[in-house]
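**Student:**
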Amino acid sequence: MKPLRRTSRRRKQIGISKKEPCHCGSGKPYNLCHFGSDHETTLHTGINCKACGTEITKDISNDILIRISNGMIKWHNYFKSNGLFKFNTITLGHLLKLEDLESKQKELKKEDLYDIYFDSLTKEKAISHINLSCKFTEFENRKQIILDAIDAHFNQKYTLSIPALFPLIEGIIRDIQKIPKEKQFQCKFSKEDFSNKGLFMIADDLDYFNAFINKLYEGQANSTEFNRNPVLHGFSLNYYSKEHSIILILALFEIATILRWIRDEKQEILDLF
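Numbering of the sequence shown is given in the working numbering, commencing with residue 30 and proceeding in unit increments.
1) Taking buried to mean at least 16 other C-beta atoms within 10 Å of its own C-beta, is C51 buried or exposed?
2) Go ahead and label T151 buried or exposed: buried means 16 or more other beta carbons lie within 10 angstroms of its beta carbon, across all protein chains shown.
3) Let's see if you can read the secondary structure: which residues bound the beta strand (DSSP E) around E283?
4) Among D88, T188, E136, which residue has its Cα nearest to the Cα of N106?
5) Rounded to the nearest angstrom, what separates G65 and L127 at their Cα positions?
6) Got a sec, what are the start and stop residues for the alpha helix (DSSP H) H182 sits in?
7) Using a threshold of 9 Å, state whether the C-beta atoms of T36 and H68 are closer than that.
8) By how many angstroms is the C-alpha of I291 removed from the C-alpha of G227?
9) May I ask which residues mark the beginning and end of the alpha helix (DSSP H) holding H68?
10) In the DSSP assignment, find the unbroken alpha helix (DSSP H) run with D233 in it and report its ends.
11) Give the straight-line distance between the Cα atoms of I89 and K57, rounded to the nearest whole angstrom.
12) CB-CB under 8 Å to K41, same chain, minus the five flanking residues each way: which ones, in chain order?
13) Counting pairs of Cβ atoms below 8 Å between the segment 237-252 and the segment 80-87, do you hit three or more?
14) Quick one: residues in its chain with C-beta nearer than 8 Å to the C-beta of A193, no 5 flanking neighbours on either side, listed in chain order?
15) For my contact list, K103 and C62 are in at a C-beta cut-off of 8 Å; report their separation, rounded to the angstrom.
16) Is T36 helix, strand or coil when you go by DSSP?
17) Below 8 Å, how does it come out for the segment 252-268 and the segment 141-149: are there three or more Cβ pairs, yes or no?
18) Assuming E169 and I205 form a contact by the criterion Cβ under 8 Å, report the distance between their Cβ atoms to the nearest whole angstrom.
19) Can you tell me where the alpha helix (DSSP H) holding I145 begins and where it ends?
20) Less than 9 Å between CB atoms is the rule here; does Y187 satisfy it with respect to chain B?
21) Have a look at the DSSP bridge pairing and note the partners of K87.
22) Please check the pair L197 and F218, which I expect to be a contact at CB under 8 Å, by giving their CB distance rounded to whole angstroms.
23) Of the choices H123, E153, N160, T188, whose alpha-carbon is the least far from that of G263?
24) By the 10 Å Cβ neighbour count, where 16 or more other Cβ atoms means buried, how is I43 classified, buried or exposed?
25) Classify R171: buried if its beta carbon has 16 or more other beta carbons within 10 angstroms, exposed otherwise.
26) Taking the alpha-carbon of I201 as reference, which of S98, C78, E283 has the nearest alpha-carbon?
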C-alpha cells in the first residue's frame, strides 16, 4: 500500500499579534507584512523510521510553491482587512501593481483594491466567464438571471444587479453544498484535501472565501453594512454602487473557479503531489 503522505503548516512562535507592527521594522501591521512568510511547512511521509519507529518528516518551507502560497497570505489579509476578497480574476500583474503602489504610499487604500476589481473584469470578460461557468448545471439553470444581472451592472443599474446577485450566489452554493432550504445558509467549501497535499494556495483561497461569503450573509448585520439581509429585507436604502455590484459578480465567478478545482481538476491536481 502506498504511504499516506500529508502536509501540515503552522505559524512560527514570533510573539507578535497580527495587528502589531511587523518585526522587520517596516512599520506595517504584521498581518500585512511577514505574517505569511513566518510559517513552517512539514511533509509527513507516512513512512516510519526502521530504527526508531517514528514517522519520517521533511521541512519543505522553502519549496517554491509553498513560498508563493505563503506570500499570497499578505494579499488575502489586505483584501480581508478592507472587507473584501482576493478573487482569482486578480492576476499576478495586478498584485505587482499593488506592490509598487504600496511601496510608494506605505499602505494601500480600499479604493486601490477596488481599482484592481474594475480592471480585472470588463463586460467581454464577464460574458466569457458566464459561458465557462454554465458548463455546471448550478449556473446553467440560472443563466438568464446571471445574464440580466451582468447586463444591469454594466449599464450602471446597480439597484437591479445587486438584489439579483445575492440570491443567485446563495442558491448556487446551496445547490453545490446540498444545504436544505429550511437550514441556515453557511458557505463551507472544504480545504482539507488540498491542504493535506500542500496546495495551500487553493486551501487558503477556500478558507478566506468561506469567511468572506459568510460575512456577507450573516443574519445580524447592521443596516449600514453591505450585507444580504439589510438589502433584501429593504432596510438598506443606499446599497447600490458600482463597488458593491462588482463584489457580487466576482464572487459569483469565484464559485465557478472553485467548482473547476473540486470537480474538473481536483484529482488531476492532487495526483501531481
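Glycine is no exception: its CB is placed at the ideal position from the N, C-alpha and C atoms.
**Tutor:** With the structure as the only source:
1) By the Cβ neighbour-count rule, C51 is buried, with 16 or more other Cβ atoms within 10 Å of its own.
2) Within 10 angstroms of the beta-carbon of T151 lie fewer than 16 other beta-carbons, which makes it exposed.
3) Secondary structure note for E283: it is in no beta strand (DSSP E), and the uninterrupted alpha helix (DSSP H) holding it is 271-288.
4) The shortest C-alpha separation from N106 is found at E136.
5) Within the model, the alpha-carbon separation for G65 versus L127 is close to 17 Å.
6) For H182, the uninterrupted alpha helix (DSSP H) segment begins and ends at 172-183.
7) For T36 and H68, no; Cβs fall outside 9 Å.
8) Spanning the alpha carbons of G227 and I291 requires a straight line of approximately 16 Å.
9) H68: not part of any alpha helix (DSSP H); member of the beta strand (DSSP E) spanning 68-77, first to last residue.
10) Note, D233: alpha helix (DSSP H), 229-245.
11) Their backbone Cα atoms lie some 27 Å apart in a straight line.
12) Excluding residues within five positions, the ones whose Cβ falls inside 8 Å are D67, H68, E69.
13) Touching, no.
14) Closer than 8 Å at Cβ, skipping near neighbours: I174, D177, A178, A181.
15) At roughly 7 Å, the Cβ-Cβ gap stays under 8 Å, so K103 and C62 are in contact.
16) Reduced to three states, the DSSP call for T36 is strand.
17) Three or more beta-carbon pairs separated by less than 8 Å are not found between the segment 252-268 and the segment 141-149, which leaves the two stretches without contact.
18) Wrong, their Cβ atoms sit about 13 Å apart, outside the cutoff.
19) Counting along the chain, the alpha helix (DSSP H) containing I145 begins and ends at 139-149.
20) The chain inventory of the structure shown lacks chain B, comprising one protein chain alone.
21) According to DSSP, K87 bridges with L72.
22) With a beta-carbon spacing of about 17 Å, L197 and F218 fall beyond the 8 Å limit used to define contacts.
23) Answer by Cα proximity: T188.
24) Exposed is the call here.
25) R171 is buried by the Cβ-count criterion.
26) Looking at the Cα atoms, E283 is the closest of the given residues.
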